[in-house]
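In what follows, a structure is listed as structure tokens, so that the remarks can point back to it.
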Amino acid sequence: MKVEDLFDVKRKIFCVTGAYGLIGSHVCTFLVHNDAVAIAVGRRKEKLENLKKEGIKHTFKADIKNEREVLSLWRNLAKKFEKVDVLLNIAAKATSNTFEDLTAAEWDEIMAVNVRGTFLMCRDGVNTGLLREGSSIINVSSIYGIVSPDQRIYGDTGLNSSSVYGSSKAGMIQLTRYLATYLAGKKIRVNSISPGGIFNNQPEYFSQRYIGKTPLERMGMVDDILGAVVFLSSEKASGYVTGANIVIDGGFTVW
Numbered sequence: 091m092k093v094e095d096l097f098d099v100k101r102k103i104f105c106v107t108g109a110y111g112l113i114g115s116h117v118c119t120f121l122v123h124n125d126a127v128a129i130a131v132g133r134r135k136e137k138l139e140n141l142k143k144e145g146i147k148h149t150f151k152a153d154i155k156n157e158r159e160v161l162s163l164w165r166n167l168a169k170k171f172e173k174v175d176v177l178l179n180i181a182a183k184a185t186s187n188t189f190e191d192l193t194a195a196e197w198d199e200i201m202a203v204n205v206r207g208t209f210l211m212c213r214d215g216v217n218t219g220l221l222r223e224g225s226s227i228i229n230v231s232s233i234y235g236i237v238s239p240d241q242r243i244y245g246d247t248g249l250n251s252s253s254v255y256g257s258s259k260a261g262m263i264q265l266t267r268y269l270a271t272y273l274a275g276k277k278i279r280v281n282s283i284s285p286g287g288i289f290n291n292q293p294e295y296f297s298q299r300y301i302g303k304t305p306l307e308r309m310g311m312v313d314d315i316l317g318a319v320v321f322l323s324s325e326k327a328s329g330y331v332t333g334a335n336i337v338i339d340g341g342f343t344v345w
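Next up, the structure:
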């Protein structure tokens, strides 16, 4: 077997939520440039239309926290595709509100997108038969699903990583583990990726604080995630990998 055979995404069908976000849009563009089929899912029609300019032909409008819309999405996909090889749950919501200022409504909304939405996408993908033997589910979580933010970095920056965000991302990791065991009998693999801080033009004072705690001395870039996506998408490369959480953080969580 050649190396390129291990990591070939050609003609694979990917369903990507959060498709027009920082990570999602980059992943979708990468996939189509490597001859995969990217199905872009998001709530805002105008942003989905912008993705078409990048060569992403298949876009579907759906609010993943809405049970009816998710089921409709999968039923519509079933009219066009026989199988989805990879479900990439990237959609996420966050807030920078402090613990004291966080409202119950914000808590519920973020949990609904990050955890409920992931659950609905997985459940209905399986129930419609589009996710089946050989399919791979990849849930994009966060290092803050496994460790707490260092308040010395975030405390006075206004870029706080909230209590609900970390709680929701921890929930995604646990859902990943559960589904890995539950769907093993169907030969569906389920794994998660937990990126560290991704550079997105944050103020220098924040970036320097963050980098100071990162052994590799930089913030992450979206490109850093692509290798794990390709690896977990490949049955040949990761066919014996399920229930794993791949941390991509430059060593941030090591100490």
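Taken in order, the sequence shown gives residues 91 to 345; the numbers are from our numbering. Cβ coordinates follow ideal geometry from the N, Cα and C atoms, glycine included. This one's a predicted model, so the numbers in the text were calculated from it and none came from an experiment.
Query: In three-state DSSP terms, what is V337?; Result: strand
Query: Comparing alpha-carbon positions, which option in L306, S323, K183 and V319 lies nearest G341?; Result: L306
Query: Whole angstroms is fine: what's the gap from G215's alpha carbon to S232's?; Result: 23 Å
Query: With DSSP as the reference, label G329 as helix, strand or coil.; Result: coil
Query: Given this structure, state the Cα-to-Cα distance separating R222 from N187, to the nearest angstrom.; Result: 40 Å
Query: Can you give me the start and stop residues for the alpha helix (DSSP H) that Y137 sits inside?; Result: Just to set this straight, residue 137 is Lys in the shown sequence, not Tyr. Taken as a continuous stretch (DSSP letters only), the alpha helix (DSSP H) holding K137 covers K135 to K142.
Query: Comparing the C-beta of V337 with each C-beta of chain B, is any distance below 8 Å?; Result: Although the question refers to chain B, the structure presented lacks it and comprises just one protein chain.
Query: Please state whether DSSP places I236 in a helix, a strand or coil.; Result: coil
Query: Examine the Cβ distances between the segment 322-332 and the segment 290-305 and report whether three or more of them are shorter than 8 Å.; Result: no
Query: Return the CA-CA distance between N166 and I180, expressed in angstroms with no decimal places.; Result: 20 Å
Query: Please identify the residue among E94, P239, L177 and A126 whose C-alpha is closest to the C-alpha of W345.; Result: P239
Query: Give me the Cα-Cα distance between K135 and G111, rounded to the nearest whole angstrom.; Result: 13 Å
Query: Any idea which residues DSSP pairs H148 with across the strands?; Result: I129
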